[in-house]
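Structure, as structure tokens:
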Amino acid sequence: MDRKKKILIGIFDYIVITIGVILFVMAWQSFLLPNGMIDGGLTGASALLSMVTGVSVDIWYFGINVLLLILAWIILGQSFGIKTIYAIVLSTALFRILGDESMKFLWSVEGQPLYVGDGILVPIIGGLLEAVGLALIIMRGGSTGGTDILALIVNKFWPITIGRFYLFADFIVITLLIFVPGHCFTDVVYGYITMGVCAYVLDLIMLGKDSTVQVIIFSNHYKKIGDYINQDMERGVTALKAVGWYTQEDRQVLMVMLRKTELPELVKAVKDIDETAFVTVVPANNVYGEGFDQMKTGIVKKKKQS
26 MDRKKKILIG IFDYIVITIG VILFVMAWQS FLLPNGMIDG GLTGASALLS
76 MVTGVSVDIW YFGINVLLLI LAWIILGQSF GIKTIYAIVL STALFRILGD
126 ESMKFLWSVE GQPLYVGDGI LVPIIGGLLE AVGLALIIMR GGSTGGTDIL
176 ALIVNKFWPI TIGRFYLFAD FIVITLLIFV PGHCFTDVVY GYITMGVCAY
226 VLDLIMLGKD STVQVIIFSN HYKKIGDYIN QDMERGVTAL KAVGWYTQED
276 RQVLMVMLRK TELPELVKAV KDIDETAFVT VVPANNVYGE GFDQMKTGIV
326 KKKKQS
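Just add 25 to wherever you are in the sequence shown, counting from 1, and you've got this note's numbering.
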């Protein structure tokens, strides 16, 4: 891929991430927070802390994210890409901007253009916007940090799936809202609705962001495609010897394991290299090895010396 094309793709990525961040923050500042509702994750925890302490959501959101990024670097030995940092900084700025009284015309409250009279629709709209925003961010290689980072840290030491960790963390954060003065169980139920809508819609768009797929590629340009997977995507790829039964000709078939979030990039690259390529995608569960999950049985306890 030439440099100009990479630059254009990079610009497009940041445009999509920006749109995703705007939708994500609007879900919170336009619909959920003005109506006393929350969802789970770090943003929900930040909202809870803001309600209790009076310190604005954006300060809690940014501060905890910075702390988690540092912990990830220390514990996991990995840093998160510039797209994730960009999404976190932009989200923080937009939380501050949209949370200001001067932006009240974008709040879903009585007398404003986005007001929703039926209360049950507010968490549904909020969850929908949040899911679409997150999907756009994730599909272009970004992340809003927060629970994503914490889940990776916990998963390093404890055999709990990242998806299950999300569920537990979101459930706990939303449930804690009942202990905040001025809130009741109805607000908690609305939070559960938001969580369910967001998870469902996100799955529809992403087909499970933490899932893995096995991709088989049939192409006469397998060398170029294999080089792209190895060098640009930094993924391992296996060339399998095969025989076309109709032609009885020997050929090479590529097999690669990918996160589903990486699939759009691969499909686009294959199409650019060979429009006549034949590609099959099959869901793969419990993929263990470098670049994927590690086999864990729990925290290893040190044996007592006799």
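Just so it is clear, CB atoms sit at the ideal spot from N, CA and C, and this is done for glycine as well. Keep in mind it's a predicted model, so treat the numbers as computed, not measured.
Start-to-end residues for the beta strand (DSSP E) that takes in residue i
i, result
"isoleucine 241", "237-243"
"phenylalanine 87", "Run containing phenylalanine 87: none in the beta strand (DSSP E); it sits in the alpha helix (DSSP H), 82-96."
Nearest-angstrom Cβ-Cβ length linking residue i and residue j, presumed shorter than 8 angstroms
i, j, result
"asparagine 90", "glycine 144", "With a Cβ gap of about 31 angstroms, asparagine 90 and glycine 144 do not count as contacting."
"phenylalanine 49", "glutamate 155", "6 angstroms"
"methionine 62", "glycine 151", "7 angstroms"
"glycine 65", "aspartate 195", "2 angstroms"
"isoleucine 149", "valine 222", "5 angstroms"
CA-to-CA distance, residue j to residue i, given in whole angstroms
i, j, result
"leucine 291", "glycine 136", "48 angstroms"
"valine 114", "leucine 123", "14 angstroms"
"phenylalanine 87", "serine 81", "10 angstroms"
"threonine 263", "lysine 296", "19 angstroms"
"tyrosine 39", "glycine 269", "42 angstroms"
"threonine 301", "methionine 282", "21 angstroms"
"isoleucine 84", "glutamine 54", "14 angstroms"
"isoleucine 107", "leucine 94", "12 angstroms"
"threonine 117", "serine 71", "11 angstroms"
"glycine 251", "isoleucine 199", "45 angstroms"
"threonine 219", "valine 179", "25 angstroms"
"glycine 35", "glycine 158", "18 angstroms"
"threonine 286", "methionine 258", "12 angstroms"
"threonine 211", "leucine 202", "10 angstroms"
"proline 206", "valine 77", "8 angstroms"
"isoleucine 99", "arginine 260", "24 angstroms"
"leucine 229", "leucine 153", "11 angstroms"
"lysine 234", "arginine 284", "Confidence at lysine 234 is low in this model, with a pLDDT of 49, below 50, so the placement of that residue is unreliable and no value is reported for it."
"valine 226", "methionine 164", "14 angstroms"
"tyrosine 215", "leucine 33", "41 angstroms"
"lysine 266", "proline 308", "22 angstroms"
"isoleucine 242", "glutamine 256", "17 angstroms"
"glycine 323", "arginine 121", "Unreliable positioning characterises glycine 323 in this predicted model, as indicated by a pLDDT of 39, which lies under 50. A coordinate reading is not provided."
Bridge partner(s) assigned by DSSP for residue i
i, result
"aspartate 275", "Val268"
"proline 206", "Beta-bridge pairing links proline 206 to no other residue."
"leucine 283", "Val238"
"threonine 263", "Met280"
Residue range of the alpha helix (DSSP H) that includes residue i
i, result
"threonine 109", "107-123"
"valine 46", "28-51"
"threonine 305", "Where threonine 305 is concerned, there is no enclosing alpha helix (DSSP H), although the beta strand (DSSP E) it sits in stretches over 303-309."
"glutamate 155", "146-164"
"proline 59", "Looking at the DSSP string, proline 59 is not in any alpha helix (DSSP H), and its letter there is neither H nor E."
"leucine 128", "For the record, residue 128 in the displayed sequence is methionine; it is not leucine. Methionine 128 -> no alpha helix (DSSP H), and no H or E assigned at all."
Sequence-distant residues of its chain with Cβ nearer than 7 angstroms to residue i (five each side left out)
i, result
"alanine 112", "Ile42, Val46, Ile162, Gly167, Ser168, Thr169"
"serine 133", "Ser55, Phe56, Pro59, Asn60, Leu139, Tyr140, Val141, Val147"
"histidine 208", "Gly61, Leu202"
"isoleucine 44", "Leu161"
"phenylalanine 130", "Gln137, Pro138"
Contacting residues, own chain, Cβ-Cβ under 6 angstroms from residue i (five flanking each side not counted)
i, result
"aspartate 299", "Ser244, His246"
"glutamine 277", "Tyr247, Ala264"
"leucine 119", "Val50"
"isoleucine 174", "Leu93, Ala97"
"alanine 294", "Tyr253"
Residues of its chain near residue i, where Cβ-Cβ distance is below 8 angstroms and the 5 sequence neighbours each way are ignored
i, result
"aspartate 288", "At residue 288 the sequence reads leucine, which differs from the aspartate that was named. Excluding sequence neighbours, leucine 288 sits near Val238, Val240, Val306."
"glutamate 22", "In the structure as shown, the chain begins at 26 and stops at 331. Residue 22 is therefore absent and cannot be evaluated."
"threonine 68", "Trp53, Val82, Tyr86, Thr169, Gly171"
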